[in-house]
Amino acid sequence: IKTAKGLRDRRMRLSLEVAKRFFGLQDILGFDKASKTVEWLLNQSEDEIKQLARDKNYNNNCSGISGGTVKSASSTSECEGVSGLDDVALSGMNQEQREGDQQRPVLVTKRRARNTRKSALLLDPLIARESRE
2 IKTAKGLRDR RMRLSLEVAK RFFGLQDILG FDKASKTVEW LLNQSEDEIK
52 QLARDKNYNN NCSGISGGTV KSASSTSECE GVSGLDDVAL SGMNQEQREG
102 DQQRPVLVTK RRARNTRKSA LLLDPLIARE SRE
C-alpha cells in the first residue's frame, strides 16, 4: 500500500489495550474480518477525517506563505483556495478504493512472492532470528 511515508505492509500490530477495544467493537458489530471493522470506523469518521485533512493542508500552506501566521487578506485567500484541494483528493480516494477491486490480482501476486521469501528465512533459525530483530 502506498502512503505519504512510502510503501507500507497491510499488517498492523495493536497494543493489548487497543486490541481488546478493537475486537470488542468487532464482536458488537458482528463482523468476522478486521478489515470490515476498520472500514466501518473509517466510514463513521469520514467527515472528521476530511476536516483534519483540510486543517492540515491549511496550516501547512499558511506557514509556507507567511512564516506561520496569516498577515494579509491575500495570503488568507491563498490558503483557503489551496485547502479546497483536499476535497478533490479525498473524493478521489473513494474512487481509488472502488477501483482497488480491479487491482487485487496484482496484490495477490506480490503477497505470494513475499511469503516465499519469508518461508526461506524460516528454514534457517539464525536468519529468522535476525530478521525479527
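Numbering-wise (the working numbering), the sequence shown opens with residue 2 and increments by one. Where is the CB? At the ideal position from N, CA and C, for every residue including glycine.
- With 16 or more other CB atoms across the displayed protein chains lying within 10 angstroms of its CB, Thr38 is buried.
- Between Ile2 and Arg14, the C-beta spacing is not below 9 Å.
- The beta carbon of Leu26 sits closer than 7 Å to those of Thr38, all from its chain and outside the five residues before and after it, given in chain order.
- In this structure, Trp41 places its C-beta atom within 9 Å of the C-beta atom of Leu30.
- The three-state secondary structure of Leu53, taken from DSSP, is helix.
- In the DSSP assignment, Leu43 forms no beta bridge with any residue.
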